[in-house]
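Engineer:
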Amino acid sequence: MGRRLNIYIVDDSAVQADIARALLEQAGHTVVTYHSGVAALRDLPAGQPDCILMDIMMPELDGCELCRRLRAMEALAGTKLVMMSTKAYPFDRKRAFAIGANGYFVKPLHPATFVPELERLVADTLVMTFWGVRGTLPVSRTDSVRYGGNT
7 MGRRLNIYIV DDSAVQADIA RALLEQAGHT VVTYHSGVAA LRDLPAGQPD
57 CILMDIMMPE LDGCELCRRL RAMEALAGTK LVMMSTKAYP FDRKRAFAIG
107 ANGYFVKPLH PATFVPELER LVADTLVMTF WGVRGTLPVS RTDSVRYGGN
157 T
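Heads up: the sequence shown is residues 7 to 157, going by my numbering.
(1) In the structure shown, what three-state DSSP assignment does Asp-61 receive?
(2) When you compare the region 97-107 with the region 37-54, are there three or more beta-carbon pairs, one atom per stretch, that lie closer than 8 Å?
(3) Under a Cβ-count criterion, where at least 16 other Cβ atoms within 10 Å of its own Cβ denotes burial, should Pro-65 be classed as buried or exposed?
(4) Taking just the CA atoms, how far does Leu-115 sit from Cys-70?
(5) Let me know if Arg-48 comes out buried or exposed under the rule of 16 or more other beta-carbons within 10 Å of its beta-carbon.
(6) What are the start and end residues of each continuous beta strand (DSSP E) run of 3 or more residues lying completely inside the region 70-146, in chain order?
(7) Can you tell me whether Asp-61 is buried or exposed, with buried defined as 16 or more other CB within 10 angstroms of its CB?
(8) What's the call for Gly-34, buried or exposed, on a 16-neighbour Cβ count within 10 Å?
(9) Closest by CA to Val-128, which one among Phe-97, Pro-55, Thr-92?
(10) Whose CA, out of Pro-117, Gly-109, Arg-10, Pro-96, lies closest to the CA of Asp-24?
(11) Can you tell me which residues form a DSSP beta bridge with Val-15?
Shown next, in the form of structure tokens:
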């Protein structure tokens, strides 16, 4: 991504927050970290973040409630809210999207794909890969039966 993003991380686990921070800073983004949802809720609206990454399971104010409250703030209407969790169940993903999250990452974060996927999410772009698409000229050969020729 060409543009430097302003990203806030809210995670009670210092280790997980440091991993995400290191990956994002290595890609050239500005990162601010909070280890408490309460502290983040107080400071986030003034920071004008492009994206807020938040853990679901946190004491005091969990990620779901934090997401609900942030989504209700008019000043953060254009901010992408992304949940991170070790919970990989479809129920948790659906719940996160239902309360206003724009994305969901399962921890541990994958170093090779985390930053590009987050950048695409913030930019609102979609990457599609087509497999076995036929070309403009039909080809009938035994080696092109499964995936087509001239693809």
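Each residue gets a CB set at the ideal place from its N, CA and C atoms; glycine is no exception.
Structural biologist: Reading it off the structure:
(1) strand
(2) no
(3) exposed
(4) 19 Å
(5) exposed
(6) 86-91, 109-112
(7) Asp-61 comes out buried.
(8) exposed
(9) Pro-55
(10) Cα-wise, what sits closest to Asp-24 is Pro-117.
(11) Per the sequence shown, the amino acid found at residue 15 is Ile instead of Val. Answer is Thr-39, Leu-59, bridged to Ile-15.
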